[in-house]
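Asks: Note that UniProt numbering gives residue 44 to position 44 of the sequence shown, counting from 1, and the numbers run on in steps of one.
Idealized CB from N, CA, C, for every residue including glycine.
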Amino acid sequence: MAKKPKKEENPKVHKDLEGFKMSINSFGEISSSFSIDKINEFLNKNVEDKKLRDRDDLADIPSEKKRKGKTDSE
Numbered sequence: 001m002a003k004k005p006k007k008e009e010n011p012k013v014h015k016d017l018e019g020f021k022m023s024i025n026s027f028g029e030i031s032s033s034f035s036i037d038k039i040n041e042f043l044n045k046n047v048e049d050k051k052l053r054d055r056d057d058l059a060d061i062p063s064e065k066k067r068k069g070k071t072d073s074e
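#1: Between the region 27–35 and the region 44–51, can you find at least three pairs of beta-carbon atoms closer than 8 Å?
#2: Threshold first: 3 residues or longer. Then list the beta strand (DSSP E) segments lying entirely within the region 7–38, N to C.
#3: Just how far apart, CA to CA, sit Gly19 and Asn40?
#4: For Asn25 and Leu52, what's the separation of their Cα atoms in angstroms?
#5: Report the three-state DSSP secondary structure of Lys45 (helix, strand or coil).
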């Protein structure tokens with residue numbers, strides 16, 4: 001029996017990541033269509049870091065969500 005051809009379907013992704021593709025070349029190097037900085041910016045904005053969730057010493061550092069809201073001077 002012959003192999004079925006793979007269908008080139010785009011996976012469902014977040015609207016901010018439309019067009020994101022990753023591939024691994026023959027040398028094992030990972031390449032993507034987005035820069036690492038853009039991927040990190042998306043992750044920082046949308047994913048909570050479980051390791052930092054319960055740390056008390058980070059309460060003084062404003063998070064991205066707090067910076068977007070009103071500040072004390074407004």
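Replies: This is what the structure holds:
#1: They do not touch, by the three-pair rule.
#2: Complete beta strand (DSSP E) runs here, min 3: 22–24 and 30–32.
#3: For the purposes of this step, residue 19 is taken as the residue at position 19 of the sequence shown. For the purposes of this step, residue 40 is taken as the residue at position 40 of the sequence shown. Cα to Cα, Gly19 sits roughly 16 Å from Asn40.
#4: Residue numbering aside, residue 25 sits at position 25 when the sequence shown is read from its first letter. Residue numbering aside, residue 52 sits at position 52 when the sequence shown is read from its first letter. Computed Cα separation, rounded: 34 Å.
#5: On the sequence shown, position 45 is the one that residue 45 refers to. Lys45: helix per DSSP, three-state reduction.
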